[in-house]
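Student: Below is the structure I would like to discuss, written out as structure tokens.
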Amino acid sequence: YWMVRNYQEGYNIFACNGILFNHESPRRGETFVTRKITRGLARIIAGKDKKLYLGNLEAKRDWGYAPDYVEAMWLMLQQDKPCDYVIGTGETHSVKEFLEEVFDYAGLDWKEYVEIDSRYFRPTEVELLLADASKAKRELGWSPRINFKELVKIMVDSDMELAGLKSPGEGKKVLKQKGIGWTENHLTVG
């Protein structure tokens with residue numbers, strides 16, 4: 011943050027800080043909780059695992075869809091003057107809510123497959139992360155296009171297909187309806 015600010019002011023460089031809250035997608039690393047859950051579901055359905063082990067289910071996060079955040083970053087760079095922006099959805103959901111949505115989407119009861127393991131509790135867990143992206147909305151005209159439930163469907167569909175399973179397909183429908191195309195190396199926002 012301060013390095014960018016120093017270059018903005020000291021060298022008159024057009025640079026912006028995007029303070030991005032959790033931004034998720036099927037490309038998210040498999041050790042992050044959202045991806046761990048969607049991938050874990052796919053592995054359970056595929057018969058590769060019987061259980062999914064998680065830590066704190068009460069932590070609340072402001073989860074958004076990564077391509078929405080890429081659009082926000084692009085908009086930041088189109089402004090006349092550089093400015094810093096907070097990017098997020100303005101909503102929080104607990105890990106438990108994410109877990110419930112994932113398993114509900116697949117028609118399963120998460121309580122039958124998930125076990126809490128103290129090894130996955132963080133010693134310095136921040137319980138609540140919530141963005142105030144009102145400046146981005148006001149100045150950039152930006153707001154997220156994909157909501158929480160849609161994000162879950164997109165991620166579950168992707169991980170089920172990666173596991174060689176037939177996905178419910180609702181996530182793909184959401185992307186198509188909203189004019190968002192995303193292949194391995196290309197993002198299009200219509």
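Sequential numbering of the sequence shown, starting at 11, is according to the working numbering.
C-beta: ideal position from N, C-alpha, C; glycine also.
(1) Based on the DSSP output, what are the partners of residue 70 in its beta bridges?
(2) Identify the continuous beta strand (DSSP E) that holds residue 28 and give its terminal residues.
(3) Using the rule of at least 16 other Cβ atoms within 10 Å of the residue's Cβ for burial, across every protein chain shown, is residue 34 buried or exposed?
(4) Alpha carbon to alpha carbon, how far is residue 159 from residue 44? Give it in angstroms, no decimals.
(5) Pick helix, strand or coil for residue 190, following the three-state DSSP scheme.
(6) Relative to the C-alpha of residue 86, which residue among 145, 186, 173 and 168 is closest?
(7) Can you tell me whether residue 177 is buried or exposed? The criterion is at least 16 other CB atoms within 10 Å of its CB, across all chains shown.
(8) Roughly how many whole angstroms lie between the Cα atoms of residue 55 and residue 167?
(9) Per DSSP, what kind of secondary structure is residue 172 in: helix, strand or coil?
Tutor: The structure says:
(1) Answer is 104 and 138, bridged to residue 70.
(2) Start and end: 28-30.
(3) Answer is buried; the Cβ neighbour count reaches 16.
(4) Here the alpha carbon of residue 44 sits roughly 13 angstroms from the alpha carbon of residue 159.
(5) Here DSSP, grouped into helix, strand and coil, assigns residue 190 to strand.
(6) Selected option, being the one with the closest Cα: 145.
(7) Buried, because 16 or more other Cβ atoms sit within 10 Å of the Cβ of residue 177.
(8) Each residue's alpha carbon lies about 12 angstroms from the other.
(9) Helix, per DSSP.
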